[in-house]
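Worksheet for the structure shown next.
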Amino acid sequence: MFIDRILEIIYPTRCVSCGKDRSLLCESCAGEIEPSGGYFCVVCGKATLGGFTHKTCTTRYTPERTLSGFAYKGPARELVKVLKYRRVRKAADVLAVLLVKDLQGRGVSFGPKSLVVPIPLSFWRKNTRGFNQASLLAKAVAGALKLEFREGALKRVKDTPSQVSLNRKERARNIQGAFSAGEDLDGKDILLIDDVLTTGSTVREAVKALKKAGVDQVWVLAFAKD
Ligand SMILES: [Zn+2]
Ligand SMILES: [Zn+2]
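Mapping of the sequence shown onto my numbering: position 165 corresponds to residue 158, and the numbering continues sequentially without gaps.
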């Protein structure tokens, strides 16, 4: 795209963190990226073995498992920021490679028939940004894992104000009813992708919509945990 070429001229490829080198992330900064700090349950936020949702937290509408790659700081944060705010699309590929390598290092593997689905952005944000960063990440992850990318499986059906200034409870209320399945998903397994997890309220609401549409297992996968 023309705009990408312009941005490439304005922001030539160099390390997002130290500015050196000719790649988006140099080797030395890649080594500084910190792991996300253990597995947690996306329902209650507390630690759990392998990221599996606690039995006591599980309902018909909760994901089976939640995985995040890295702590949202340092070079990991810089990478997400150049993707989101400077629209450097190829950062999504770097995120995906880091994430998939990290998961493989931990011995995590996915069902070969899982569909890879991104969390849809709100309309206004997609319109101002021009693309959905979670979608670019999901596409790259699907490619790396050789799984099917299915962007249309989940749709945004209600626009909601930004979650940024809201607390955990307010976020959950704000995002209610924002998603709906875009197709028949009966018996499918889904790998639901987001770039950064904060309280997880958006993800929980998205999972609810998928489960209502008959999805069997949902695993949530995020590049970083804030
Ligand atoms: Zn660097
Ligand atoms: Zn829990």
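Where a beta carbon is used, it is the ideal one built from N, C-alpha and C, also for glycine.
Separation of residue j from residue i, as counted between CA atoms
i: R161; j: G170; result: 16 Å
i: C11; j: G67; result: 10 Å
i: I168; j: Y65; result: 22 Å
i: K48; j: E144; result: 30 Å
i: V101; j: A40; result: 18 Å
i: L96; j: E163; result: 32 Å
i: A202; j: D182; result: 14 Å
i: R15; j: V9; result: 10 Å
i: F33; j: R79; result: 31 Å
i: C37; j: A84; result: 31 Å
i: G104; j: A215; result: 17 Å
i: A23; j: L129; result: 20 Å
Reduced DSSP category for residue i - H, G, I as helix; E, B as strand; rest coil
i: G12; result: coil
i: A64; result: strand
i: V93; result: helix
i: A217; result: strand
i: T59; result: strand
i: E27; result: coil
i: A40; result: strand
i: T109; result: A quick correction: the sequence has Val, not Thr, at residue 109. The answer is strand: DSSP assigns V109 an E or B state.
Is the number of C-beta pairs between the segment 98 to 111 and the segment 71 to 89 that are closer than 8 Å three or more? no
Pull every residue with its beta-carbon under 5 Å away from any heavy atom of ligand 1, and keep them in chain order. Here the list is C8, S10, C11, C19 and C22.
Any contact between the segment 163 to 179 and the segment 195 to 210? By contact I mean 3 or more CB pairs, one from each, below 8 Å. yes
Check whether the segment 150 to 164 and the segment 23 to 34 touch, using three or more Cβ-Cβ pairs below 8 Å as the test. no
Tell me which residues pass a beta-carbon proximity test against ligand 2: closer than 5 Å to any heavy atom, given in chain order. C34, V36, C37, H47 and C50
For the pair the segment 70 to 89 and the segment 187 to 196, tell me if three or more CB-CB distances fall below 8 Å. yes
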